[in-house]
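Undergrad: In order, the protein sequences belong to chains A and B.
With this note's numbering applied, the first sequence corresponds to residues 1 to 910, in that order.
With this note's numbering applied, the second sequence corresponds to residues 1001 to 1536, in that order.
Just dropping this structure here.
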Amino acid sequence: MFFSSGFRIMSTVSMEPLLHHSVRESVRYALKSRIFKPSSWSCSTNHKLVFHARSFCNFRSSNVHALRASTTTDTDLVETLESTDIFFKETFPLKRMETVEGKIFIRLDHGQNNGNWQLTVGCNLPGKWILHWGISRVKYVGSEWDQPPEEMRPRGSIPIKDYAIETPLKKSSSSEGDALHEVKIDLIPTSAIAAINFVLKDEETGAWYQHRGRDFKVPLADYLLDDGNLVAAKRSFGVWPGALGPLSNLLIKAEVSPANDSESSNESREAKKKGRSLEGFYEEQPIAKQVAFDNSVTVSVRKCPETAKNLLYVETDLPGDVFIHWGVCRDDTKTWEIPDAPHPPETISFRDKALQTRLQPKEIGDGCCGLFTIEEGLQGFLFVLKLNKGTWLNCMGNDFYIPLSRSSSLLAKSRQGLSGSAQILEKNAEEKEEASLSAYTSGIINNIRSLVSDISSEKTRKNKSKEAQESILQEIEKLAAEAYSIFRSSIPTFLEEPIVDTEEPIAPAKISSGTGTGFEILCQGFNWESHKSGRWYMELKERASELSSLGFTVIWLPPPTESISPEGYMPRDLYNLNSRYGNVDQLKEVVKTFHEVGIKTLGDAVLNHRCAHYQNQNGVWNIFGGHIKWDDRAVVADDPHFQGKGNKSSGDNFHAAPNIDHSQDFVRKDLREWLCWLRKEIGYDGWRLDFVRGFWGGYVKDYLEASAPLFAVGEYWDSLSYTYGEMDHNQDGHRQRIIDWINATNGTAAAFDVTTKGILHSALERCEYWRLSDQKGKPPGVVGWWPSRAVTFIENHDTGSTQGHWRFPGGKEMQGYTYILTHPGTPTVFYDHIFSHYRSEIAALISVRNRNEIHCRSTVKITKAERDVYAAIVGEKVAMKIGPGHYEPSGPQRWSLAAEGKDYKVWETS
Amino acid sequence: MEASVICSSQAKIRKTELAYRELGCFDPKGVSKAFSAKSRVCFSPSTMWRKAGIRFTLRAVQSEAVRSEKVSGPSRMSKSRDGVRLFVGLPLDAVSDCNTVNHARAIAAGLKALKLLGVEGVELPVWWGIVEKEAMRKYEWSGYLALAKMVQDAGLKLHVSLCFHASKQPKIPLPKWVSRIGESDPNIFFTDGAGQHYKECLSLAVDDLPVLDGSTPIQVYHEFCESFKSSFSPFMGSTLTGISMGLGPDGELRYPSHHMLTKSNQIPGVGEFQCYDKNMLGILKQHAEATGNSLWGLGGPHDVPTYDQSPNSNNFFRDNGGSWDSPYGDFFLSWYSNQLISHGNRLLSLAASTFSESAATVCGKIPLMHSWYKTRSHPSELTAGYYNTTTRDGYEVVAEMFARNSCKMILPGMDLSDEHQSHESLSSPEFLLADIKKACRKHGVEVCGQNSSASMAPGGFEQIKKNLLGENIVDLFSYQRMGAYFFSPEHFPSFTGFVRSLNQPELHSDDLPEEEEEAAGSLNVSSEASVHMQAV
């Protein structure tokens, strides 16, 4: 199944009226803390230099009473600011995280150039903002997310599969001069767009910003059309009907007006009423984000010549109240000690280990400073800084250490030992560490940290639950898988691995769920319309012997469970196998028939999400009925649509239905039992796993080990990489993600080779056959890196059929099949193509493959990859070429033509 | 007892604080709880002592014990009751020859996985050929320091192996300037009877000869160690708890007697004596003349088999009437092995004095030459420099040398079991290991176990467990080695299983301050600490 198939359903559920304030003029939300203004936070080096000069004066006037030999000291300081008497001076960078608040704003107005309506979405927080958006069309009432017409997409937009667009926000500045990010979308009056839906994504943090837990939605339908005919009778925004009810009711209630939802209809009425007089609207939503700030603290030490004491001056540009938590030490052990009095003003003793002094605000500029007089004979000055919110700042995980004698090293060394006070300060270790983490580790570390704190909290409860053990072990496995994939990919032998793979003689008896026998050829036995007849199983049954004689070994059957959507990808009661494709007995019958003709059957298992039977007390659909009665604990916590109480999702979320939390034992137990039941009760031989991006591959391994399929393939589908709208030649990142997933399953599952399909698209469509060889002269898809686990295909029910989300270039399907049916990997042929005019050509290619025993690990030697022709020799027995260019195989073998068609030829040795 | 209770409370606080530090949260009550737990220590000591055996901790709480160990020599044995601490070796090429951390991301993830698994620390090979690559006394530690920081950040301990040898796979050569000297003067390398040089490490005969641009190798090693000590001072004793001194080929105290083995699947041959470089021959000649047998000093024995051959293919190693069992044989073998032991002594005393203040344990590694153990002459051990036969114990003197320098002994091959050895090689890793352990026990030398670096032999984990659980002499095990295979689906699950099975009953009790457990821990520390106090 595919993302948008879900959204198709989703749309009628719809969301609460998102812009219910849309007619009010610029609602300003009262923010709890200051609105973030980037400019006020920039602390450039220049800025700091200025401080040095000025803050000095400030220091003199405000802190003079803190000095014993005040007069002399003061003059000294003045004189020696630049003199060599300062024997230590260093500026330490400080990193801290702070939650800043800002806003997302949405504005609809007339564009500047052509008078068309223009939608502006912006945000005034720093970040790498991406607008993730799609449209719903007027005609397709059911469809929530679709891609807008090309002309609507701003420059730099990237299609996400084929249901959405991602457009980066550009930096600009508001009329007040504040920096902000925004994107403008020109609306085309004729495009019949009902609404624009979007969420805002921050690539820096990976966070998604939604409107009250839902997608943002800007309804346009009335308005654009009216505008088009210039009547301008009601230039207002309809507010989309609110959430109606359970998904199951949707199909029935789709036509029903939303009157039963009083709140939303009221609002929508109000909106319409007020809206008439308005030309556009402006809406803001407050958001908060964790932002890393760079500040610094500068410490200088100088000797007071009269008293032989050290004068230590600390200044920082940190805002707000800053406390310095400090002590001195006598030797290299750096043990904290409290120095003798007197202490600076506003100093308190802290647990008899340290002193805490509030730094005095500078009179000019931001920040604060303090002066400390230290007796002679002390080795060093130790400190950490505390901000008012209980945030501690230290020096790369250690206390700041300032040497106090000239002889000691001028470099401030961070101390390694653990003294008593250090531990006291570690209270906020988390915050401190967080700031210094690089982006990639933070996820892992956070996970570990939550684990560790789980352990620690359990510790207090003395609850040695097995669950904790399990979660640790899973975490370990994840980390190990990550380490493994990097080690593997960074050792030069990695690319040779598949070759080693291929050189092994293939024992036909050796069947693994990742590869089947190694000689499998798949048939996808349904399309997007197959549910319509209500008796698909019976229709398919009649074709069983025909499919067998074509040479297929495996058939992928449609999802069998009761489902909210007729196609079956919104399952509800997993044990109810009466679907639009037929009832449970018919399913058993069709499986049995395929077994009789020697074809294995794959069940389409939707494990990522499950539709609920009942609402919880908040009216959210997350209580499950049927045979597996789960409640909201089985739902992941990070999809606000469904208010799950489980853990965070281990993968991407599918937004149309509650995503199942596979990290829970009871969930996995139930799913394992279900799969085993399907194997036994129905006789399925394996699985096609839907939307496996949604959860960690390690769980898939668990399910596969429990259900022991003969073959399993997962749909791991995300978008290829594009630069300026043009697909990149190098899709290593894309295929690596698929490989990572296969790795996470421990190789127990194969995966659809989406990369190969994508590359075939551009190679064929644009006559760029050179794309079919990667930089190392290997096939550029998953099949080039891990052929035995790549399930190649050119079309499926989502990409083709009546959905056509990402249709293979028309008329070139046979070139695609020539490629996948001659190459290693496990090829899949789509039902629509088998029963079309391509049938005999496909049959010929399958028989070439079977005759020459090409298998999932066969070797490929690319002999030509040029603009208009691609040619390769596979397993030394089969030669092939696709593309209009010329190619004839040569070499010691005698080649004879085995199959031929428009722009393709296949030879075999004779 | 009173004294120890006081110490125990101190140790305990530190321990608790450490724990909280690790967890990133501070609970002031934890301290008081620890105090109250202390009293239990006094009253229920008997329970703890029964709790010997293996414990792994998720946290590094035993650093004290390591530190005190140096001072409290006589009490060392008691510590092993604390359980075996597990280390995992980092990839040999963890730092590239341009001083960057190789696959840093993988290592970072790996370190976290190990930490979660309850592994105590990691072993890091530090290569002479990388640090002092370009010129003598020009050291570049940045890559290793970065790695040490990563280890520290992961909350793991670090055990550094100073490698004064080269590696073939992955290719890590000796320092360029050393190789250059070797080209003009190949006599700085070990040499076999056929005149072939072994260029992966310097011959022990040049230890005190100024062959390296006027410096002796011992001086160069010493300066290297000093530079290491000062560069790693921030980690010393806290993160860095152990240093193993490279003693020869592959870091082991031995002659490169088996380096020319060609066919890998074959039964390993007996190897060859490596005493034919100019300097070795000179020493031998001197020695022969000094003992009045000048004719014996002209070279090694004439009737030895070649590398790949079996003991009986020539006369020297024959079970009955072989010349090993003759006065000449004894003369030669004693000299040959004494050279090796003196070399070991030179390096270990150098290391021991250099790192004496540093609170890190110094170790040295010896090989497990287990082929042909079941013959009378133990030819593989003889050629490697261990004069150990059915009639003579060759490891006593080695253990004594380790004891003299207060060094720990690293023993590889803990994963090897007799039943998996090929029958023809007459090998017995288990018996040999037992011999060596016996010698160590006698001299109070602690043993740090390792598996043989090849991929895990069948039944290997079981064998390691047997070795660890059966003896209390092994207190630390260093598992070799992190890399793609280590984390592969074929290996990692069994490693995880191994770690879990070692601490199965206590995976979490170890983690939780259950009184009994904690008490056991603190009493152990206390006994250490008390000895420590007295010694100081």
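A virtual CB, placed ideally from N, CA and C, is assigned to each residue, including glycine.
Count the other CB atoms within 10 Å of the CB of A/H609; is the residue buried (16 or more) or exposed (fewer)?
TA: Translated into positions along the first sequence, residue 609 of chain A becomes position 609. Classification for A/H609: buried.
Undergrad: Measure the alpha-carbon distance for A/T515 versus A/R633 and round it to whole angstroms.
TA: Here the question's residue 515 of chain A lines up with position 515 in the first sequence. Here the question's residue 633 of chain A lines up with position 633 in the first sequence. Whole-angstrom Cα-Cα distance: 35 Å.
Undergrad: Relative to the C-alpha of A/D665, which residue among A/G901, A/E477, A/F691, A/D702 is closest?
TA: Here residue 665 of chain A is taken as the residue at index 665 of the first sequence, counted from 1. Among A/G901, A/E477, A/F691, A/D702, the Cα nearest to that of A/D665 belongs to A/D702.
Undergrad: Please state whether DSSP places B/R1180 in a helix, a strand or coil.
TA: One-based indexing of the second sequence puts residue 1180 of chain B at position 180. Helix at B/R1180.
Undergrad: According to DSSP, is A/N229 helix, strand or coil?
TA: Position 229 of the first sequence, counted from the start, is the residue given in the question as residue 229 of chain A. Because A/N229 sits at a pLDDT of 35, beneath the cut-off of 50, its placement in the model cannot be relied upon, and the point is left open.
Undergrad: With H, G and I counted as helix, E and B as strand and the rest as coil, what does DSSP make of A/L939?
TA: Here chain A covers residues 1 to 910 and nothing more, so residue 939 of chain A does not appear.
Undergrad: Give the DSSP-derived three-state secondary structure of A/E908 in the structure shown.
TA: Translated into positions along the first sequence, residue 908 of chain A becomes position 908. It is a strand residue.
Undergrad: Alpha carbon to alpha carbon, how far is B/Q1339 from B/E1226? Give it in angstroms, no decimals.
TA: Position 226 of the second sequence holds residue 1226 of chain B. Position 339 of the second sequence holds residue 1339 of chain B. Their Cα atoms are separated by approximately 25 Å.
Undergrad: Kindly confirm or deny that the segment 526–540 of chain A and the segment 854–868 of chain A touch, where touching means at least three C-beta pairs closer than 8 Å.
TA: Taking 8 Å as the limit for Cβ pairs, the verdict is that the segment 854–868 of chain A does not touch the segment 526–540 of chain A.
Undergrad: Name the one or two DSSP bridge partners that A/V299 has.
TA: What you label residue 299 of chain A is simply residue 299 of the first sequence in a count that begins at 1. Paired residues: A/E90, A/V314.
Undergrad: Considering Cα atoms alone, identify which of A/G683, A/L607, A/Y716 is closest to A/R672.
TA: Reading the first sequence from its first residue, position 672 is the one you call residue 672 of chain A. Ranking A/G683, A/L607, A/Y716 by Cα distance to A/R672 puts A/L607 first.
Undergrad: Who does B/I1479 pair with in a DSSP beta bridge?
TA: Locating residue 1479 of chain B in the second sequence gives position 479, where the first residue counts as 1. Inspection of the sequence shows that residue 1479 of chain B is occupied by Tyr rather than by Ile. B/V1088.
Undergrad: For A/R668, which of helix, strand or coil comes out of DSSP?
TA: What you label residue 668 of chain A is simply residue 668 of the first sequence in a count that begins at 1. Residue state, collapsed to three classes: helix.
Undergrad: How big is the Cα-Cα spacing for A/S910 and A/R857?
TA: Translated into positions along the first sequence, residue 910 of chain A becomes position 910. Translated into positions along the first sequence, residue 857 of chain A becomes position 857. The alpha-carbon atoms of A/S910 and A/R857 are separated by roughly 22 Å.
Undergrad: Note down, in chain order, each residue of its chain lying with its Cβ closer than 7 Å to the Cβ of B/S1349, except the 5 sequence neighbours on either side.
TA: By one-based count along the second sequence, residue 1349 of chain B stands at place 349. Result list for B/S1349: N1405, in chain order.
Undergrad: Tell me the start and end of each unbroken alpha helix (DSSP H) in the segment 750–822 of chain A that is at least 4 residues and wholly inside, in chain order.
TA: List check, alpha helix (DSSP H) in window: 754–765, 782–785, 813–822.
Undergrad: Find out if the Cβ-Cβ distance for the pair A/I196, A/I287 is shorter than 7 Å.
TA: Taking the first sequence and counting its residues from 1, the one referred to as residue 196 of chain A is at position 196. Taking the first sequence and counting its residues from 1, the one referred to as residue 287 of chain A is at position 287. Contact flag unset, no.
Undergrad: If you compare alpha carbons, which of A/E853, A/A480, A/K303, A/Y817 is closest to A/E997?
TA: Nothing about residue 997 of chain A can be reported from this structure: the residues present for chain A run from 1 to 910 only.
Undergrad: Using a C-beta cutoff of 7 Å, does A/R789 count as contacting chain B?
TA: Locating residue 789 of chain A in the first sequence gives position 789, where the first residue counts as 1. No, because no Cβ of chain B sits closer than 7 Å to the Cβ of A/R789.
Undergrad: I need the boundaries of the beta strand (DSSP E) containing B/C1440, first residue and last residue.
TA: As a first step, residue 1440 of chain B is located in the second sequence; it is residue number 440 there, counting from the start. Here B/C1440 belongs to no beta strand (DSSP E); instead the alpha helix (DSSP H) covers 1429–1443.
Undergrad: With 7 Å set as the bound, which would you pick, yes or no: does the beta-carbon of B/P1489 sit closer than that to a beta-carbon of chain A?
TA: Indexing the second sequence from 1 puts residue 1489 of chain B at position 489. Chain A contact via Cβ: present.
Undergrad: Among B/L1204, B/Y1139, B/E1134, B/T1390, which one has its Cα closest to the Cα of B/L1347?
TA: Here the question's residue 1347 of chain B lines up with position 347 in the second sequence. When only C-alpha atoms are compared, the closest one is B/L1204.
Undergrad: Kindly list the residues whose CB is nearer than 7 Å to the CB of A/P93, restricted to its own chain and excluding five residues on each side of it in sequence; keep chain order.
TA: For this step, residue 93 of chain A is matched to residue 93 along the first sequence. Counting only Cβ-Cβ distances below 7 Å, and skipping sequence neighbours, we find D294, S296.
Undergrad: Below 8 Å on the Cβ atoms is my contact criterion, and I expect A/A292 with A/K95 to pass it. Report the Cβ-Cβ distance as a whole number of Å.
TA: Here residue 292 of chain A refers to the residue found at position 292 of the first sequence. Here residue 95 of chain A refers to the residue found at position 95 of the first sequence. So it is a contact: roughly 6 Å between Cβ atoms.
Undergrad: If you reduce the DSSP assignment to three classes, tell me which class A/F198 lands in.
TA: The residue given as residue 198 of chain A occupies position 198 in the first sequence. It is a strand residue.
Undergrad: Taking C-beta to C-beta, are B/N1279 and B/V1397 nearer than 7 Å?
TA: For this step, residue 1279 of chain B is matched to residue 279 along the second sequence. For this step, residue 1397 of chain B is matched to residue 397 along the second sequence. For B/N1279 and B/V1397, no; Cβs fall outside 7 Å.
Undergrad: Give the secondary structure of B/M1236 by DSSP, where H, G and I count as helix, E and B as strand, and everything else as coil.
TA: Within the second sequence, the letter at position 236 stands for residue 1236 of chain B. B/M1236: strand per DSSP, three-state reduction.
Undergrad: So which residues on chain A does B/F1461 lean against when the C-beta distance must stay under 9 Å?
TA: Looking up residue 1461 of chain B in the second sequence gives position 461. None at all; the shortest Cβ gap to chain A is about 16 Å.
Undergrad: Relative to chain A, which residues along the segment 1195–1218 of chain B have a C-beta separation below 7 Å, given in chain order?
TA: Listed by position along the chain: nothing, the set is empty.
Undergrad: Within 8 Å, do at least three Cβ pairs link the segment 1425–1442 of chain B to the segment 1372–1383 of chain B?
TA: Yes: the two stretches touch, three or more of their Cβ pairs being nearer than 8 Å.
Undergrad: Reducing DSSP to helix, strand and coil, say where B/N1388 ends up.
TA: Residue mapping note: residue 1388 of chain B aligns to position 388 of the second sequence, counting from 1. Here B/N1388 sits in coil by DSSP.
Undergrad: Go ahead and pull the three-state DSSP assignment for A/F216.
TA: Within the first sequence, numbered from 1, the residue matching residue 216 of chain A stands at position 216. The answer is strand: DSSP assigns A/F216 an E or B state.
Undergrad: Starting from the C-beta of B/E1381, find all residues in its chain whose C-beta is less than 6 Å away, skip the five residues before and the five after it, and write them out in chain order.
TA: Numbered from its first residue, the second sequence carries residue 1381 of chain B at position 381. Closer than 6 Å at the Cβ level, and outside the excluded window around B/E1381, lie M1369, N1388.
Undergrad: Taking B/R1392 as the reference, which of B/D1435, B/T1354, B/S1356 has the closest Cα?
TA: Along the second sequence, one-based indexing puts residue 1392 of chain B at 392. Nearest of B/D1435, B/T1354, B/S1356 to B/R1392, Cα basis: B/D1435.
Undergrad: What is the rounded straight-line gap between the Cα of B/H1222 and the Cα of B/V1304?
TA: Position 222 of the second sequence holds residue 1222 of chain B. Position 304 of the second sequence holds residue 1304 of chain B. Taking the straight line from one Cα to the other gives about 36 Å.
Undergrad: Could one say the Cβ of B/G1118 lies closer than 7 Å to chain A's Cβ atoms, at least one of them?
TA: In the second sequence, the residue the question calls residue 1118 of chain B occupies position 118. False, the Cβ-Cβ gap to chain A never drops below 7 Å.
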